Structures are given as structure tokens and as C-alpha cells.
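Just so you know, the sequences run in chain order D and F. The opening residue of the first sequence carries number 76 in the numbering used here; numbering runs sequentially from there. The opening residue of the second sequence carries number 253 in the numbering used here; numbering runs sequentially from there. Even for Gly, the Cβ is constructed at its ideal location relative to N, Cα and C. Here the structure is a predicted model, which means the values were calculated and not measured.
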Amino acid sequence: MTDIIVVTSGKGGVGKTTTSASLAVGLAKRDKKVAVIDFDVGLRNLDLIMGCERRVVYDFVNVINAECTLKQALIKDKRYDNLFVLAASQTRDKDALTREGVESVLNGLREEGFDYVICDSPAGIEKGAALAMYFADRAVVVVNPEVSSVRDSDRILGLLASKTRRAELGNGPVEQHLLLTRYNPNRVESGDMMSIADVKEILGIEVVGVIPESEGVLAASNAGIPVILDEESNAGHAYDDAVARLLGESRPLRFIDAQKKGLFSRIFRS
Amino acid sequence: MGIFDFLRARPKNTANVAKERLRIIVAQERAQRGSPDYLPTLRREILEVIKKYVNVDPDAVLINVERDGDHEVLELSVALPEKGAAVVGEN
């Protein structure tokens, strides 16, 4: 059985690609055969975050147009033999992705015995985003604790419940998971940022992970090494927890409490 | 809380403001989900007609489609201004 997971959000810049890369690596680390697909046609970036940008020869659209085989287009990760990246095309043709084309690629991955396919959705609700979610069994909805991100995510939840194959065939809903990113416990404590409970209450879905705001995330994308591989970073550990939860393990949330301030900063509030 | 805190303006709890605003807009948008696309235009046009006779606020016209079993009901509610408020054309 191939589990198809879409990583989506509506709003841009909330951490979809960072999340896709880390979830894919986390699953591969647990010996799952994983493919991660960039659906952002025209704005390819997953290859950079995964650190394989110089090894892209063929892309998603090449496979759909039968200009190469699926095997030729799958870029094998240098760290894990069981992890593959399918890059987005840089074409400006909006109609490059078709539902039939996406379905044939996903069927090809099923035949190749992949356990997980991670679909990295583009921002927005246009064709690329619609196709990234259409065939999904599960959705990881990436949300920043901020008004526009939460509102857009709710819109995405509505689309997941109506514009997916599962919804259309009545095969049961797409399982929805909330992943909060850029979470800053100190700002939550001081009342500047909505809490996990606030966001959960508004969106009404279960939390699969909370990724703290962390310097490690930028450093990881600078280096092309998904942040989950950074042993020093809290964000990396939080992603590892999220992967475990996706696989059914129960783990308590970490890095969600405000840091106690020292005497000096308590007096001067620096 | 530091001892010099009284020198600073206390910021409001903006997270609560965000949560309340979201709660309202998200509920409103969920209610509109799946309703016909012409509703916003219909609402605007109804508002224009009403404005010929009474001064109403743009948010005084509420329009909604309710599903009741097999049929749908178009709900329209207009909050008129309080008595004594100016009626268009009288002043």
C-alpha cells in the first residue's frame, strides 16, 4: 500500500517545502521507501532544500509528457538509498500538469513499491495545489500561528473535504493533520502569538507536530540538508517527533514552553 | 515582570484579538462554503436597491443559503436603521 501525503497550506512561505523535505527524510530514515514530489511547476525549490539541485536532469513534466521514464526522473538521495526526489519543471506553461498525468506518475510509484509519496504543494489554490491534494490519502496542513495563515488553512481544509478523489468517490475523508511551524513559546506566553490550543480550536483538527521557530531551519536550507538531520536543532527534533506521530506513535509535544528568564533580564526585560 | 515595566506602554494581548477575529471570519466563510457564486453580487445589488430608500450600512444586509432536506432556502435579512435616522431623500 502506498500512502500519499500532501503537504499543503494555502499561504506561501509557511514552511511547506521545509516540511516536505524533513518528513520525507524522516520516513526514509525509518526504512520506508519514499518519493517526494515538487508540484510547484515554474518555481522549483524542493531540489534546493533536499540538496540535489545539480542532479536534476528530468522532471515531473518530462515524465508526464513521456519524454523520459519515471525511473530516469527520480533523483536518488545521496544519504538514503530508499529516498527519491521528483523535481518540478521550470516551464511557464500553466497546463503542464494534468490530472491524468499526475495519476499515471502516482500509479507508477505504486508499482515500484513505494511506501510513501509526499506531495509538496505550491501556495495558493490554483491548479498545482489542486492536483497536489487531489489523490491524497492524508494531508499535513502547515500553519504559522498568524491570522492570514490560519484563515487560508481553513480554506484548504474545505477543499480537502470536497475537491479530492476521496471526497468525490466517497472513500472516506482525507485524514487531516495540523503542523504548526515558526512557533515561538515566549511570544505565546507574552500574548503576542496565538497558542497551539487557539489554532487547534479554530481549525478543529488534530496536531501532528509543533516546530519551534529556529535558526537551524535557515541554516539547513542554506546547506541543502533537511533540518530533520540537524541533531543540534530543536526544529529537527520536533520534525522527528512529527514523523513518529504520522506513523502512529504517540509522543508528547516538546519545545512548547517559554524559556525562564534570568534575574538580569527579569529586571531589565531585555 | 521587570521593575521598570511601568515606564513602558503595556502592549495589548494581541493573540486574543487575532483569535477572536479569526473565529468570526472562519465561521462566516465556512457557512458560505458550497453556496452559489452569485451570492456576493446578489447581496451588493440588493444593498444598492435598499440604499435608494433607506440609509443602511453595507453590513446590514445578510444573505445566506440554508439547506433544509432536499430544498434550499435563500435567507435574506436587512437590519434597518433606528427610527428617526435619516431616510434618503427627506433631508
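Taking CB distances under 9 angstroms as the criterion, tell me whether residue i reaches chain F.
| i | result |
| --- | --- |
| D332 of chain D | no |
| V177 of chain D | no |
| V225 of chain D | yes |
| S42 of chain D | Residue 42 of chain D is absent from the model: chain D starts at 76 and stops at 345. |
| V263 of chain D | yes |
| L98 of chain D | no |
| V222 of chain D | yes |
| S325 of chain D | no |
| I280 of chain D | no |
| G233 of chain D | yes |
| I200 of chain D | no |
| S237 of chain D | yes |
| R241 of chain D | no |
| R230 of chain D | yes |
Is the distance from the Cβ of residue i to the Cβ of residue j below 9 angstroms?
| i | j | result |
| --- | --- | --- |
| R295 of chain F | I277 of chain F | no |
| S296 of chain D | S196 of chain D | no |
| A333 of chain D | E264 of chain D | yes |
| L253 of chain D | I280 of chain D | yes |
| L304 of chain D | R154 of chain D | yes |
| L255 of chain D | V222 of chain D | no |
| N157 of chain D | K107 of chain D | yes |
| A96 of chain D | V111 of chain D | yes |
| G101 of chain D | A317 of chain D | yes |
| R257 of chain D | E288 of chain D | yes |
| T166 of chain D | V116 of chain D | yes |
Identify whether residue i lies in helix, strand or coil by the three-state DSSP scheme.
| i | result |
| --- | --- |
| R273 of chain F | helix |
| Q316 of chain F | In the sequence under discussion, the amino acid at residue 316 of chain F is Asn, which differs from the Gln named in the question. Note: N316 of chain F maps to strand in three-state DSSP. |
| D305 of chain D | coil |
| G311 of chain D | helix |
| D316 of chain D | helix |
| L172 of chain D | coil |
| P248 of chain D | coil |
| R282 of chain F | helix |
| P327 of chain D | coil |
| K303 of chain F | helix |
| D267 of chain D | coil |
| K335 of chain D | coil |
Return the CA-CA distance between residue i and residue j, expressed in angstroms with no decimal places.
| i | j | result |
| --- | --- | --- |
| R130 of chain D | K271 of chain F | 45 angstroms |
| Y209 of chain D | T239 of chain D | 4 angstroms |
| S345 of chain D | K146 of chain D | The predicted position of S345 of chain D is uncertain, since its pLDDT is 48 and thus under 50; no value can be drawn from it. |
| D170 of chain D | E186 of chain D | 26 angstroms |
| S237 of chain D | V225 of chain D | 19 angstroms |
| A310 of chain D | L326 of chain F | 49 angstroms |
| L234 of chain D | A204 of chain D | 10 angstroms |
| S329 of chain F | D311 of chain F | 11 angstroms |
| F114 of chain D | I193 of chain D | 10 angstroms |
| P248 of chain D | A214 of chain D | 10 angstroms |
| V302 of chain D | G291 of chain D | 7 angstroms |
| R174 of chain D | A207 of chain D | 10 angstroms |
| N246 of chain D | A331 of chain F | 43 angstroms |
| G266 of chain D | F135 of chain D | 44 angstroms |
| L274 of chain F | R241 of chain D | 28 angstroms |
| F189 of chain D | T77 of chain D | 6 angstroms |
| E128 of chain D | D227 of chain D | 30 angstroms |
| E342 of chain F | L299 of chain F | Summary for E342 of chain F: the model assigns pLDDT 49, below 50, so the residue's position carries little reliability, and this model does not support an answer. |
| T266 of chain F | N261 of chain D | 14 angstroms |
Please report whether the beta-carbon of residue i lies at a distance below 9 angstroms from any beta-carbon of chain D.
| i | result |
| --- | --- |
| I315 of chain F | no |
| V306 of chain F | no |
| E281 of chain F | yes |
| E342 of chain F | Caution applies to E342 of chain F, whose pLDDT of 49 falls short of 50 and renders its modelled position unreliable; the model cannot decide the point. |
| R285 of chain F | yes |
| L291 of chain F | no |
| R220 of chain F | One cannot answer for residue 220 of chain F here, as it falls past the ends of chain F, which runs 253 to 343. |
| R296 of chain F | no |
| V278 of chain F | yes |
| K271 of chain F | yes |
| A267 of chain F | yes |
| L328 of chain F | no |
Residues from the stretch 106-128 of chain D in contact with chain F, defined by Cβ distance under 8 angstroms
none
Relative to chain F, which residues along the stretch 247-272 of chain D have a C-beta separation below 9 angstroms, given in chain order?
R262, V263, S265, G266, D267, M268, M269, S270
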